[in-house]
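Remarks on the structure that follows.
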Amino acid sequence: MPFSLWLSLVAICAMGAMSPGPSLAMVLRHTLGGGRAPGVVAGLSHALGVGFYALLTVWGLGALIVRQPLLFQVITWGGAAYLAWLGIRALRAGRGGALDAAGGVSTTRRQAARDGVLVALGNPKLILFFIALLSQFITADMSLVAQGVIVLTAMLIDAGWYVLVALGLSHSRVLPWLQARAHWVNRATGVLLLALAARVVAGPVLG
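FYI, this note's numbering numbers position 40 of the sequence shown as 668, with every residue one higher than the one before it.
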């Protein structure tokens, strides 16, 4: 793959990763609830889900999924349900005020890893995004190395962005400020996730 073409791929993947959506809300929630490590784990595991959909795209299976209305609908509704569940959990956590284990607001690395992957896999717009934008980089005679470059680029850009978000939010000056306002941050995150779930049902979102 020519370097100039790869730079275009990087720009497209960065644009997709940085767009606000359920992924950003998820990383925020885990960073707020557990600090730097869960936030970073959430970002890295989200990149695995992104890589899975990118792999399906380079193999041509992404387009096949989109052409199967029932399968695509199942992914859409499953993703919306999961976002709604996360939103309800955030709203319930918001009633507890400050972050502490007793209040049920804290989060673990395992929960962060699970949510990162499932939020990515539950976002069917990722398939549409990759088919619409990554397909221009794919040719019938593309080598396995070139396909690997596309998948790894999508994963690394996504992971890099959300790890930076987690590191920024967990800064020694930022995190205590957020934690002191956990009551309102959890409520806002919960409302956002529920709104995104509704939007996924009406028309899937990226992020």
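Yeah, the Cβ is synthetic: ideal placement off N, Cα and C, and Gly gets one too.
Nearest-angstrom Cα distance between Ser632 and Tyr681? So the alpha carbons of these two residues sit roughly 24 Å apart.
Gln775, enclosing alpha helix (DSSP H) - first and last residue: Counting along the chain, the alpha helix (DSSP H) containing Gln775 begins and ends at Leu772 to Leu797.
Cβ of Pro650 within 9 Å of Cβ of Val747? It is a contact, given that the beta carbons lie within the stated cut-off.
When you compare only the Cα positions, how much space is there between Val678 and Val779? Those two C-alpha atoms are separated by around 9 Å.
Between which two residues does the alpha helix (DSSP H) carrying Gln739 extend? For Gln739, the enclosing alpha helix (DSSP H) begins and ends at Arg737 to Leu749.
So, Ala825 versus Gly661, is the Cβ gap smaller than 9 Å? No.
Rounded to the nearest angstrom, what separates Gly706 and Val638 at their Cα positions? Roughly 29 Å between the two C-alpha positions.
Under three-state DSSP, which class holds Gly818? Three-state result, Gly818: helix.
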